[in-house]
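One structure is given below, encoded as structure tokens.
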DNA sequence: TAAATAGTGTCTGTGAGACACTATACA
DNA sequence: TGTATAGTGTCTCACAGACACTATTTA
């Protein structure tokens with residue numbers, strides 16, 4: 772294939788809340804083709820002619836990570852360093868994608884967002900540059916937040932996700948007030964099933980349909 | 772030229788503070804080539820192979836608007852609607868660029884950001900989608916703000932710019948406190964030359980080198 | 001002095017953060 | 001009852017907004 776103009780790739784930061792580990796994990800996979808064959812990398816595909824960014828992101832999540840479905844996606848930034856791909860100058864549009872925590876998610880390697888191993892290309896830079904942008908979306912971008920936590924979640928899980936993304940754990944009262952103000956999010960009167968270790972069962976929050 | 776893959780164009784929102792009109796104006800120019808020849812449009816160029824987004828934005832500002840220089844640039848968002856260009860699917864990366872208010876700026880048509888005429892392609896949509904992103908940068912992004920106001924400016928100009936972008940005029944005391952907290956920005960002991968219409972001369976603010 | 005513009009001191013309300021205290025579970 | 005977890009009431013502080021009052025200029 773003769774490369775005539777700038778190529779565009781879409782690289783995906785696939786995020787999933789691992790309730791058991793109380794962490795937000797990033798989906799990566801070993802590359803099958805050169806360059807960097809065998810090395811871990813963000814799932815990425817070349818943008819097809821006329822393809823939407825979101826569709827390319829879904830294609831990457833499905834094809835490279837083997838995920839059956841993705842909750843929601845959104846745009847982050849575009850990386851334009853000409854030497855970022857050894858095959859030649861390539862633009863990379865970074866997108867986030869959230870995976871429902873309840874859905875099965877075998878296939879990808881899931882690594883905590885705070886302990887991402889060395890990746891192919893400039894992918895470590897992409898992750899670190901996008902980290903603050905992702906953090907900023909929590910509780911502000913409803914699609915992102917509901918994609919990450921699922922349609923229904925407990926206060927405890929909300930605390931865990933916030934701690935995983937921002938680095939420190941908010942006080943329950945304060946996070947509760949933040950959540951009350953998120954449009955479309957409501958505190959229910961239900962309580963989650965009791966924990967293994969005992970303790971008061973947390974209350975449940977739910978997104979409007 | 773045979774189009775093999777997705778083309779990438781860079782469209783620039785060139786912004787300039789017009790102190791006399793107390794407005795922030797957007798630089799546009801009639802298109803010279805088809806499609807939309809003769810219609811007003813944002814300056815845009817096709818991204819060259821290996822070209823940086825910033826360089827393409829400068830090329831657009833220089834070539835299409837005839838501006839001698841640009842103060843600073845930055846990325847906004849990428850538009851991916853496949854039908855946005857009748858020639859075929861084209862990605863458009865939107866960038867802002869600021870033009871020093873003191874520099875001569877003949878050439879482009881300058882229109883107030885609040886009264887943008889119908890433009891070619893989806894450029895009106897680009898402007899309206901990017902408007903909140905631009906507004907958000909004022910006083911938060913030092914490169915953007917200093918590019919728009921210049922190295923030295925008065926409190927009155929700061930009030931005007933803020934009013935032009937946000938829609939309402941802050942109280943001087945409040946804006947002063949906001950500016951005190953902007954890193955690299957200092958209130959000087961100088962006062963500007965007196966106004967034509969009389970009134971107390973405004974004090975001068977300056978960016979650190 | 002009047003009109004026009006700029007700047008200051010201070011009050012208020014909102015929201016984030018902090019923390020002691022209360023509630024509900026299991027062993 | 002003790003331990004572990006969750007939730008509540010309330011205090012404090014920072015900051016945005018509001019506004020009356022003061023300051024400095026031209027005519």
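Protein chains in written order, with our numbering: chain A, 772 to 980; chain B, 772 to 980.
Backbone N, C-alpha and C define an ideal beta-carbon position, used for all residues, glycine too.
Buried or exposed: residue i, going by 16 or more other Cβ atoms within 10 Å of its Cβ?
i, result
"residue 917(B)", "buried"
"residue 921(A)", "buried"
"residue 872(B)", "buried"
"residue 805(A)", "exposed"
"residue 971(B)", "exposed"
"residue 984(B)", "The structure shown has nothing for residue 984(B), since chain B only spans 772 to 980."
"residue 968(B)", "exposed"
"residue 961(A)", "exposed"
"residue 774(A)", "In this prediction, residue 774(A) scores a pLDDT of 45, lower than 50, which makes its location untrustworthy; no coordinate-derived value is stated."
"residue 952(B)", "exposed"
"residue 937(B)", "exposed"
"residue 959(B)", "exposed"
Could you give the DSSP three-state label for residue i: helix, strand or coil?
i, result
"residue 899(B)", "helix"
"residue 932(A)", "helix"
"residue 777(A)", "coil"
"residue 786(A)", "strand"
"residue 951(B)", "helix"
"residue 921(A)", "coil"
"residue 804(B)", "coil"
"residue 883(A)", "strand"
"residue 942(B)", "coil"
Check whether chain A comes within 8 Å of residue i, counting only Cβ atoms and requiring the distance to be less than that.
i, result
"residue 783(B)", "no"
"residue 885(B)", "no"
"residue 747(B)", "Missing from the structure shown is residue 747(B); chain B here goes from 772 to 980 and no further."
"residue 896(B)", "no"
"residue 893(B)", "no"
"residue 903(B)", "no"
"residue 821(B)", "yes"
"residue 851(B)", "yes"
"residue 777(B)", "yes"
"residue 786(B)", "no"
"residue 836(B)", "no"
"residue 956(B)", "no"
"residue 818(B)", "yes"
"residue 824(B)", "yes"
With 8 Å set as the bound, which would you pick, yes or no: does the beta-carbon of residue i sit closer than that to a beta-carbon of chain B?
i, result
"residue 845(A)", "no"
"residue 949(A)", "no"
"residue 908(A)", "no"
"residue 848(A)", "yes"
"residue 829(A)", "no"
"residue 920(A)", "no"
"residue 890(A)", "no"
* Identify each residue in the stretch 927–941 of chain B for which the Cβ-Cβ distance to at least one residue of chain A is less than 9 Å, and report them in chain order. => none
* **Against chain B: residues of the stretch 798–816 of chain A by CB proximity under 8 Å** => none
* To do: Taking only runs that begin and end inside the stretch 810–873 of chain B, name each unbroken alpha helix (DSSP H) of 4 or more residues, in chain order.
  => Fully enclosed alpha helix (DSSP H) runs of 4 or longer: 824–834.
* Residues, ordered as in the chain, of the stretch 850–874 of chain A that lie near chain B by beta-carbon distance below 7 Å -> Here the close residues are 851, 853, 860, 862 and 864.
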